[in-house]
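S.K.: Would you mind keeping the following structure in view while I ask a few things?
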Amino acid sequence: MIETSLWYVSLAPPSTVVAAKAAIDNLLRRARADAKFMEAYDEWHATPSVVHGIRTSDGRLGPQSEALLEGFRGLQLSEAQLLELSVPETEDTTWDLSGDRPEPCDGLFVAVRGVPVLSLLLLGLGPLRSEWLPGEFGLFALSSEEVASAVHGVRHAHAVSPADRAAALGRMHDWLTVGSDPGAPVHHLLEGLPEVVASAVARSSGIISIPAMAA
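Residues in the sequence shown are numbered from 41 upward in steps of one, following my numbering.
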């Protein structure tokens with residue numbers, strides 16, 4: 041069975057931020073204990089090409105690419121855990137990237153079959169830009185005060201030139217061939233997060249970024 045990877049970003053009250061921090065800490069402990077994943081992640085930072093589009097002679101992913109993907113698959117909550125952390129108040133203004141963008145954009149929801157969404161985002165941004173994102177591996181839960189200090193980094197990470205954007209989309213679409221969802225609206229992954237962060241600042245709200253997996 042091919043699983044669907046979910047990514048949920050939302051404005052969040054303090055109680056949800058605290059609960060999300062605890063859930064994220066559990067995921068991060070698991071990731072840091074995965075030696076193969078951490079090695080592949082460090083290798084990606086040192087030489088990004090070792091995990092981008094690299095396949096063996098029989099067309100399968102190379103070991104570093106597979107280790108990176110498997111690590112991101114482990115960095116996901118269950119669908120039930122995601123529902124516990126969802127914030128109903130933002131449902132009407134959450135941007136499902138497959139549809140029209142609401143105004144204001146107070147949340148993001150992305151679903152991709154076969155490939156973890158956050159692996160796509162970080163691969164698109166690249167190792168240097170992705171380091172400007174708050175938290176680790178694209179996961180974060182920030183209070184309103186922490187959001188204010190994260191604005192510059194999020195904007196910097198997503199401030200790509202047209203040429204860089206084209207290259208990022210190429211990497212993301214190539215990664216999608218590993219899964220089964222070549223039609224996923226990945227171009228919006230390079231637009232949505234800065235909008236939600238700006239909305240959080242305007243509303244003096246906290247914000248969470250939570251990945252999950254659904255069957």
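Glycine included, C-beta positions come from ideal geometry on N, C-alpha and C. Fair warning: this is a prediction, and the values are worked out from it, not measured in the lab.
Can you say whether serine 55 is buried or exposed, counting buried as having 16 or more other CB atoms within 10 angstroms of its CB?
M.R.: Start at 1 with the first residue of the sequence shown, and residue 55 comes out as number 15. By the neighbour-count rule (16 or more Cβ atoms within 10 Å), serine 55 is not buried but exposed.
S.K.: Looking at leucine 46: is its Cβ nearer than 8 Å to the Cβ of alanine 254?
M.R.: Mapped onto the sequence shown, residue 46 falls at position 6. Mapped onto the sequence shown, residue 254 falls at position 214. Yes, Cβ-Cβ distance for leucine 46 and alanine 254 is below 8 Å.
S.K.: Please tell me whether threonine 134 and serine 50 are closer than 8 Å, where the distance is taken between their beta carbons.
M.R.: Numbered from its first residue, the sequence shown carries residue 134 at position 94. Numbered from its first residue, the sequence shown carries residue 50 at position 10. Result yes, Cβ atoms of threonine 134 and serine 50 sit closer than 8 Å.
S.K.: Among Ser183, Leu230, Pro88 and Leu182, which has the Cα closest to the Cα of histidine 196?
M.R.: Numbered from its first residue, the sequence shown carries residue 196 at position 156. Out of Ser183, Leu230, Pro88 and Leu182, Leu230 has the C-alpha closest to the C-alpha of histidine 196.
S.K.: Do valine 187 and valine 237 have their C-beta atoms closer together than 8 Å?
M.R.: Here residue 187 corresponds to residue number 147 of the sequence shown, with the count starting at 1. Here residue 237 corresponds to residue number 197 of the sequence shown, with the count starting at 1. Cβ distance < 8 Å, so valine 187 and valine 237 count as in contact.
S.K.: Within the region 48-86, note down every full alpha helix (DSSP H) run reaching 4 residues or more, in order along the chain.
M.R.: Correct list: 54-72 and 75-86.
S.K.: Pairing CB atoms from the region 175-194 with CB atoms from the region 62-74, are three or more of them under 8 Å?
M.R.: Taking 8 Å as the limit for Cβ pairs, the verdict is that the region 62-74 does touch the region 175-194.
S.K.: For glutamate 119, does the three-state DSSP call read helix, strand or coil?
M.R.: Start at 1 with the first residue of the sequence shown, and residue 119 comes out as number 79. Note: glutamate 119 maps to helix in three-state DSSP.
S.K.: In angstroms with no decimal places, state the Cα-to-Cα distance between cysteine 145 and valine 241.
M.R.: The residue given as residue 145 occupies position 105 in the sequence shown. The residue given as residue 241 occupies position 201 in the sequence shown. Near 12 Å, if we compare the C-alpha coordinates of valine 241 and cysteine 145.
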